[in-house]
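Numbering (UniProt numbering), first residue to last: 1 to 898.
Each residue gets a CB set at the ideal place from its N, CA and C atoms; glycine is no exception.
These figures come from a predicted structure and were not determined experimentally.
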Ligand SMILES: Nc1ncnc2c1ncn2[C@@H]1O[C@H](COP(=O)(O)OP(=O)(O)OP(=O)(O)O)[C@@H](O)[C@H]1O
């Protein structure tokens, strides 16, 4: 075993030397780059620059790299070669610099003088002495191009020598590296695509579930369904053919079956229950004094009712008396409450929640809303089912029996109960905790206000303070010569001095020689709906469309008339109180108007906001939640409006008022037209679904519907110009702005700033048509529980008067394909022909009706869809599945409009 020769760098001393060299190189490097190394640094810098020019900069770097390699490398292979490589690299760099940026030296000078000039001119922009000599020589011999080629080759060689790495291998490695990177990138892209695909699948699944839920909801609510797929059996067909077992595939039309069924059942119950009009006093008296109630407790509910009816028939009873009586009949179990056990008369539960118009204790009044929920519909339904056993029998197996009934019969007109207004006790009472008003605080603020303004040389006096539920208005009377704009510009300073979160300045207050400064209250109060509904302003309001909006800045109730607006745009950021406002609007109507006088068409693409109202008697059709159906509903409204205009023309009247008056004079109460309020909660969703159609319908309605007694209430949380388009804005004159995020949004709604300063939670600017400036109000508050309680009450006391005709029309309008029968004028003739010949083929239809193949084939498809003919059987004619008599029976159920 031969001893390895000692190599430089193995011993500690070598290491120290190498470290010293590194330190020296660092000093050189820093000296070259900066002038902060003193005189020595300057000398070093000019020495290395003079010697190597740009190469001088690489010298310390190469030396440091070399030393480190010597220190860390295990093998230390070819140190000498690497050293030469590094040196060669330096010289190459210097020569390169000279070739590209030569130092001009006169040829006439001698060698040493030339060397002196080159050394003296050495800088990073050239090659210094060595670069000047090598590069200058090359340049002279090979010119610039040749020099560059040679120097490039030398550079590569020097790098190969210094690093010990093959140039071509390095190229190959770089290529491989690039490939590897590309592969990784591709992988990443693939993974991402996969992730996106999975997300899409998930989203699609979610959508499907949502759609399913929605459909279910629609079904439950008897909502109409627009047929998105023309291959689906259209609704009309089902109602026409529902009797046929072969059409039982149309079970998906349950909503309408249910609807028909329920009406049918209800009709049965109602027929049984129907008692003659019962005067209120009589009933009240009875409820109050009759001892037989206790006895009645032992009787079944029906008997009690019959008895009451027998006793109290009075022919001269008015409708309102009848309503009261019915109300009492259904809900007046309150007086019986003490004596009647719930087991015997299950309706008693209702009595607890719904208090009749008798005085009740405060405690009792507080109960209703909380207790209302549980014992509701199921019990009533169970009861109804019990009472209408015959009807239920028919229902039990299959809905066939009910379904037979012609639709007109199921129309609610005959069995309509008088409307019973919901009792006010369903709404929470204002606890009257006071408005937290502290007079001294108000005066203190007024004084602060004056001094603040004075400090900005604005002389003004506070002349009045109005404390509202959420804001207090200080009315300032500026002295002569004070510019109003000056006060407005001081808004931030005033807010700062009053330590208020933000103030709004109304300058001037309309109709007053004063400037209003509205400062948010530290404690805010809710405006109770009940307080407003009990106010004279509401009770004595002549319009059926009185809308208890809220309280003004002075705490006075504000009741407005939708009929006068005549259309209203409600906008505000999310959570600002739009839905609550719509609820108060609907509540106002429910407490003011009989469903015969006012009808509602609710469109709620958000699904959750208005669906609660399904089942109330004011609804024209169930709440429309599908944006596509909404467009149809609006189109229906346009048609209804035009129809009303036709009716007005036919009767020589100008508007709904005149028409209804005429009907009244004629004694035709049923001929009267109800006012219709169309409420859209979230226009943005509709505008996304069918922008053109919706905008068109809204505009037509907005322009003409007033005289027809139809009014639009449109809410949106996106007050941008693509939702509230110029056309919509121009046609909806009344605006209600809730808090918005920016002045731009405020401008979109009100055409002026201000709404961005609102506080949210029902704080609003109401700008009805005809008013010069918006007024600030605090909206009334009605809780979801209160709404539910009212709706529950109405559902129990009356049934929805959904107009089947309207449902049909909207459904038909929303259908993509349309009814099969409508699609071809030869449909019924084709049915007759096929039934006569007892066979069906396309060619037969072609021959008979002289129509082309396509049309005949389409006709045949329609016949198949209707279950009249069987499927294709190759070259054989199709089977005919029904007989002539069956067809006649079926067509007997065809509603008029088909
Ligand atoms: N008049 C009011 N008085 C007191 N609080 C209110 C009033 N109006 C709304 N609020 C409060 O603000 C909350 C949000 O109101 P609401 O649901 O009406 O907002 P919104 O504008 O309809 O929001 P979104 O657009 O998200 O449905 C309510 O839950 C309620 O707590």
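Counting along the chain, where does the beta strand (DSSP E) carrying residue i start and finish?
i           : result
residue 557 : 557 to 561
residue 472 : 471 to 478
residue 551 : 546 to 552
residue 767 : 763 to 767
residue 710 : 710 to 716
residue 515 : 515 to 520
Which whole-angstrom value is the C-beta distance of residue i and residue j, which I expect to be below 8 Å?
i           : j           : result
residue 715 : residue 570 : 4 Å
residue 50  : residue 94  : No, residue 50 and residue 94 are not in contact; Cβ-Cβ is about 11 Å, not under 8 Å.
residue 596 : residue 674 : 6 Å
residue 96  : residue 61  : Contact flag wrong, Cβ pair sits at about 16 Å.
residue 765 : residue 758 : 7 Å
Please name the residue or residues paired with residue i in a DSSP beta bridge.
i           : result
residue 601 : 678
residue 772 : Answer is none; residue 772 lacks a bridge partner.
residue 779 : 550
residue 735 : 569 and 767
residue 528 : 781
residue 873 : 876
residue 885 : Residue 885 pairs with nothing; no bridge assigned.
residue 900 : Here the chain comprises residues numbered 1 to 898, so residue 900 is not present and cannot be evaluated.
residue 467 : 472
residue 460 : 478
Let me make sure I understand the geometry here. Which of the options has the alpha-carbon closest to that of residue i?
i           : options               : result
residue 44  : 501, 122, 560 and 582 : 122
residue 515 : 502, 540, 479 and 634 : 479
residue 555 : 524, 53 and 27        : 524
residue 159 : 136, 200, 91 and 120  : 91
residue 828 : 797, 853 and 860      : 860
residue 694 : 728, 620 and 770      : 728
residue 717 : 732, 709, 482 and 738 : 738
residue 617 : 584, 703, 708 and 801 : 801
residue 498 : 546, 540 and 447      : 447
residue 546 : 762, 70 and 594       : 594
residue 779 : 24, 471, 540 and 690  : 471
residue 702 : 475, 847, 676 and 52  : 676
residue 518 : 559, 445 and 27       : 445
Please list the terminal residues of the continuous alpha helix (DSSP H) segment that includes residue i.
i           : result
residue 159 : 128 to 163
residue 625 : No alpha helix (DSSP H) holds residue 625; DSSP gives it neither H nor E.
residue 691 : 691 to 704
residue 848 : 842 to 849
residue 589 : 578 to 592
residue 27  : 12 to 33
residue 61  : 55 to 72
residue 749 : 743 to 750
residue 862 : 853 to 865
residue 455 : 439 to 455
residue 92  : 79 to 100
residue 42  : 38 to 52
residue 828 : 827 to 837
residue 656 : 656 to 666
residue 113 : 111 to 121
residue 487 : 484 to 489
residue 538 : 536 to 539
So, does the CB of residue i fall closer than 8 Å to a CB anywhere in chain C?
i           : result
residue 551 : The structure shown contains no chain C; it holds only a single protein chain.
* Touch test, the stretch 51 to 67 against the stretch 14 to 24, Cβ-Cβ under 8 Å, three pairs minimum -> yes
* Are the stretch 109 to 128 and the stretch 182 to 192 in contact at 8 Å, needing three or more beta carbon pairs? -> no
* **Contact between the stretch 417 to 428 and the stretch 438 to 458 (3+ Cβ pairs under 8 Å)** => no
* Count the CB pairs spanning the stretch 72 to 89 and the stretch 30 to 44 that are closer than 8 Å, and state whether there are at least three. => no
* Is the stretch 624 to 634 touching the stretch 593 to 604 in the sense that three or more CB pairs, one from each, lie closer than 8 Å? -> Enough Cβ pairs lie closer than 8 Å, so yes.
* Determine contact between the stretch 708 to 722 and the stretch 675 to 690, defined as no fewer than three beta-carbon pairs at a distance below 8 Å. => yes
* Asked: Within the chosen definition, does the stretch 543 to 555 reach the stretch 461 to 468 through at least 3 CB pairs nearer than 8 Å?
  -> yes
* Asked: Counting pairs of Cβ atoms below 8 Å between the stretch 540 to 554 and the stretch 652 to 670, do you hit three or more?
  -> no
* To do: Decide yes or no for the touch test of the stretch 496 to 511 against the stretch 769 to 784: beta carbon pairs closer than 8 Å, at least 3 of them.
  => By the Cβ criterion, the stretch 496 to 511 is in contact with the stretch 769 to 784, since at least three pairs of Cβ atoms, one from each stretch, lie closer than 8 Å.
* To do: Could you tell me whether the stretch 134 to 145 touches the stretch 163 to 181, using the rule of 3 or more Cβ pairs below 8 Å?
  => no
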